[in-house]
Structure formats: structure tokens, C-alpha cells
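In full-length UniProt numbering, the protein residues as written are 1 to 76.
For each residue, glycine too, the CB sits at the ideal point set by N, CA and C.
Here is the structure we will look at.
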Amino acid sequence: MKPAQPQTSEHLAAVEIMRLQHIIILQNKVDLIQENVAINQHEAVQKFIQGTVADGAPVVPISAQLSTMLMLCDTL
1 MKPAQPQTSE
11 HLAAVEIMRL
21 QHIIILQNKV
31 DLIQENVAIN
41 QHEAVQKFIQ
51 GTVADGAPVV
61 PISAQLSTML
71 MLCDTL
């Protein structure tokens, strides 16, 4: 499973160049998929950022349309 859109790699590269230290990753549109798929994507994103400047950053599931933060995982 591909964890993210192509721009995710670009954003991660920009974060590394800018040397940002406080990073939050938003997992958007989780309201459009089944909970187990969202959890699998969440885990894939966490693996994707391992060893990068974003390693350990919280991955927050959200729904922009519903203007809500959905806590699917209790990792925060």
C-alpha cells in the first residue's frame, strides 16, 4: 500500500531543508474510508517517516469536510 500522495515526499524534503523541529502530520479524509483502512494507512505513514526528521511526529486523523479530528488511534 502506498502510504501517501507524491507531494508528501516533497513536503517531507521541504521540512528537512527548513530544519523544522515541531511537526504534526495530518491524515486527511479518513471519513471517506473504513476504519481499518484508515488505521492501516496511519501505520504506513508512521513507517514512511521512520528515520526522517518527522520520525516520532504525531499522525492525526482528520476530516476537513466535517471539520473534526477523529481519534482512530490512541497514539497521541
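Euclidean distance between Cα positions of residue i and residue j
i, j, result
"K29", "A14", "23 angstroms"
"L76", "I25", "Legend: pLDDT at L76 = 43, less than 50; position of this residue unreliable, no value from coordinates given."
"E10", "I49", "13 angstroms"
"G51", "A57", "11 angstroms"
Whether residue i touches residue j by CB criterion (8 angstroms)
i, j, result
"P6", "Q27", "no"
"A44", "L12", "no"
"V37", "Q46", "no"
Cβ neighbour criterion (16 or more within 10 Å) applied to residue i
i, result
"A64", "exposed"
"H42", "buried"
Identify every run of the alpha helix (DSSP H) within the segment 20–51, keeping only runs that are complete inside it and at least 4 residues long; order them along the chain.
-> Within the segment 20–51, the complete alpha helix (DSSP H) runs of at least 4 residues are 35–49.
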